[in-house]
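Step one of this worksheet: look at the structure below.
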Amino acid sequence: MKTFKPGKLLFPLLLSIAATSCEKKELIPAFGERALSSDVHQSSPDAAFTYNYQTDIDLTEPGWYDINSCTGEHLHIINGIWHIDMHGMYSNHAFLMSIHNNTQNYKLVSLETGIEYTGSSTWNGHYSFPLSNANSFTLTIVNSVIMTTSGGGNNSRLLADLHVTVNPNGIQAVSIDNLRFGCR
Numbered sequence: 006m007k008t009f010k011p012g013k014l015l016f017p018l019l020l021s022i023a024a025t026s027c028e029k030k031e032l033i034p035a036f037g038e039r040a041l042s043s044d045v046h047q048s049s050p051d052a053a054f055t056y057n058y059q060t061d062i063d064l065t066e067p068g069w070y071d072i073n074s075c076t077g078e079h080l081h082i083i084n085g086i087w088h089i090d091m092h093g094m095y096s097n098h099a100f101l102m103s104i105h106n107n108t109q110n111y112k113l114v115s116l117e118t119g120i121e122y123t124g125s126s127t128w129n130g131h132y133s134f135p136l137s138n139a140n141s142f143t144l145t146i147v148n149s150v151i152m153t154t155s156g157g158g159n160n161s162r163l164l165a166d167l168h169v170t171v172n173p174n175g176i177q178a179v180s181i182d183n184l185r186f187g188c189r
């Protein structure tokens, strides 16, 4: 078993939080379906605080690129909205978070060949951090990126699954990595 290194496994979480902080659209703390107003507080130390957070990032703004894993081409994103949807719960016992990302109307063009691609991207992450021990957590991520163009051989597919559980001693207890990629 490996000893847990927090910087390596928490990077996807920190990256997602940093990306979502760029353009805040909605932050709605809620108890059930009722939004939490500024005058509502936790009624007891064991009460859970839930939240929802959504943002959209316009990928047509300069600086957004991707790479075709089949050809190594650098692809400029010419259209696409990156939608991020986060739900979570915080209590005195645990911090739980689920993040769903998808890209809509994803269009790219190769900087080397000028070939246009249509793509799809989804990313789902689930995090569970018990507060009784800061070294212990569970992380599950499922990622899918597909880029296609007419013809064949340069269509790119990347699928990845990651599940990590770290025990209270900071030792990695479970790790399942399943990375699949290919060209068509």
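Going by the numbering used here, the residue at position 151 of the sequence shown is 156; the numbering climbs one at a time, nothing skipped.
Glycine is no exception: its CB is placed at the ideal position from the N, C-alpha and C atoms.
- Contact between the region 171-184 and the region 138-145 is present: 3 or more CB-CB pairs across the two stretches fall below 8 Å.
- Looking at MET152, THR108, PRO135, PHE100, the one whose alpha-carbon comes closest to that of THR60 is THR108.
- For THR76, the closest alpha carbon among the candidates LEU167, ASP63, PHE134, GLY158 is that of GLY158.
- Here SER74 is near SER161, since their CB atoms are less than 8 Å apart.
- If you look at TRP87, you'll find it in the beta strand (DSSP E) that goes 79-95.
- Straight-line measurement puts the Cα of ILE82 at about 10 Å from the Cα of LEU116.
- Distance from the CA of GLY156 to the CA of HIS88, rounded to the nearest whole angstrom, comes to 29 Å.
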